[in-house]
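Last residue of the sequence shown: number 338 in the numbering used here, and the count goes up by one each step with no gaps.
For each residue, glycine too, the CB sits at the ideal point set by N, CA and C.
These figures come from a predicted structure and were not determined experimentally.
Step one of this worksheet: look at the structure below.
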Amino acid sequence: MADEKEEGEAPKKAKGSLLPIINLVLLIILLGIGGFIAWKMMSMEQASAPSAQEETVKDEAVEMPEAEDEDPSAPPVFLDLADITINLADTDVSRFLRAKIKLELKNEEVQPRVEQHMIAINDMVLTLLSSKTFAEIRTPQGKYDLKEDIVYRINRLVGGKPVKNMYFTDFVSQ
165 MADEKEEGEA
175 PKKAKGSLLP
185 IINLVLLIIL
195 LGIGGFIAWK
205 MMSMEQASAP
215 SAQEETVKDE
225 AVEMPEAEDE
235 DPSAPPVFLD
245 LADITINLAD
255 TDVSRFLRAK
265 IKLELKNEEV
275 QPRVEQHMIA
285 INDMVLTLLS
295 SKTFAEIRTP
305 QGKYDLKEDI
315 VYRINRLVGG
325 KPVKNMYFTD
335 FVSQ
């Protein structure tokens, strides 16, 4: 009888020992597939990265002649934006911002091109300012970052680099 029990238990152990082996093989296959997918994605990112760097180099090559065309003795050309009064994005307290902005243009030739886009520029500035909180704009660094962002967006909207700088002539927030 003891022999019969041992014979009956042997097939159970064979089935039980086969399950971990199957799990191990499936785990190895899944890890291999995951590794292959990760390798493919990494190689795709590396292939697209040089093209982004090439675009940056191309943009810098295009911008350099524009800087050379500027005449340092030419008087600056300024353009006023509409007076701005907006509510800031603070949710805990109602805060507002009143600002007046002057744009310094590269030269007189770009002024008509900037004026053609004035409605879109005002809309973009209003949208950008109303998305800011009081904490973001109250520091000098916050104002500087805001100015850089506005100049970048205007130049992108108009095309090229017609705007050299931007100045707040009035900036009151409460």
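Subject >> Nearest neighbour of residue 273, chosen from 259, 189, 327, 292 [CA to CA] >> reply: For residue 273, the nearest C-alpha among the options comes from 327.
Original post:
Helix, strand or coil: how does DSSP classify residue 257 here?
Top reply: Per DSSP, reduced to three states, the secondary structure at residue 257 is coil, with no helix or strand assignment.
Original post:
Does DSSP put residue 321 in a helix, a strand or coil?
Top reply: Correct three-state label for residue 321: helix.
**OP:** Note down the Cα distance separating residue 279 from residue 315, rounded to an integer number of angstroms.
**Re:** Taking the straight line joining both Cα atoms gives about 15 Å.
Original post:
Can a CB atom of chain C be found closer than 7 Å to the CB of residue 324?
Top reply: Checking the listed chains, one finds no chain C in this structure; it contains a single protein chain.
**OP:** Between the Cα of residue 238 and those of 250, 263, 268, 246, spot the shortest distance and give me the residue it belongs to.
**Re:** Nearest C-alpha to residue 238: 268.
Subject >> Same chain, Cβ closer than 8 Å to residue 321, five either side skipped, listed in chain order >> reply: Result list for residue 321: 281, 284, 285, 288, in chain order.
Subject >> DSSP state of residue 297 mapped onto helix, strand, coil >> reply: Looking at residue 297 - three-state DSSP - the assignment turns out to be coil, as it is neither helix nor strand.
Original post:
Which residues share a DSSP beta bridge with residue 330?
Top reply: The partner list for residue 330 (beta bridge, DSSP) reads 267.
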